[in-house]
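**Q** Okay, handing you the structure first.
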Amino acid sequence: MTKRVQRWPIWKIAVTTAACAVATVALWWLSLVLEQVGPTPTTDPAGRSPALTPSSFLMMMGTGAGLGTVLTAIWLVVRIRQARTPAWKRRRRRR
109 MTKRVQRWPI
119 WKIAVTTAAC
129 AVATVALWWL
139 SLVLEQVGPT
149 PTTDPAGRSP
159 ALTPSSFLMM
169 MGTGAGLGTV
179 LTAIWLVVRI
189 RQARTPAWKR
199 RRRRR
């Protein structure tokens, strides 16, 4: 059996990047909507709001999706640059 390098095709990386970007925007927007709808925070220590509200949770998830967008965009750029490099040049560089 031959060794075969399993790589994601460029279109899959592009779709993943777009999905992460859409998720980032949607989660941040939902966190802003929930912040408007949710209870107002108070400064009274006895009646203060919990540290992790649904709004802040969605914002954290949106930040994670934003990080995923950045990482997959970098991956996409690297893969496109590798695809544009001629095969003879790639073989030469390995030696």
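Counted the way this note's numbering counts, the sequence shown spans residues 109 to 203. Beta carbons: idealized from backbone N, C-alpha and C, even for Gly.
Using CA coordinates, which residue listed in Gly174, Val141, Leu179 is at the minimum distance from Ile121?
**A** Mapped onto the sequence shown, residue 121 falls at position 13. Among Gly174, Val141, Leu179, the Cα nearest to that of Ile121 is on Leu179.
**Q** Take Ile182 as the anchor and find which of Cys128, Gly146, Leu135 has the nearest alpha-carbon.
**A** Counting from one through the sequence shown, the residue named residue 182 turns up at place 74. Residue Cys128 is the option with its Cα nearest to Ile182.
**Q** Grab me the residues of Ile188's own chain with a C-beta within less than 6 Å of its C-beta, minus the 5 sequence neighbours each way, in chain order.
**A** In the sequence shown, counting from the first residue as 1, residue 188 sits at position 80. Result list for Ile188: empty, nothing under 6 Å.
**Q** Taking a contact to mean a Cβ-Cβ separation below 8 Å, would you say Met169 touches Leu142 in this structure?
**A** Sequence index remark: in the sequence shown, residue 169 carries index 61 (1-based). Sequence index remark: in the sequence shown, residue 142 carries index 34 (1-based). Not closer than 8 Å, so no.
**Q** For the alpha helix (DSSP H) containing Arg115, list its first residue and its last residue.
**A** The residue you call residue 115 lines up with position 7 of the sequence shown. No alpha helix (DSSP H) holds Arg115; DSSP gives it neither H nor E.
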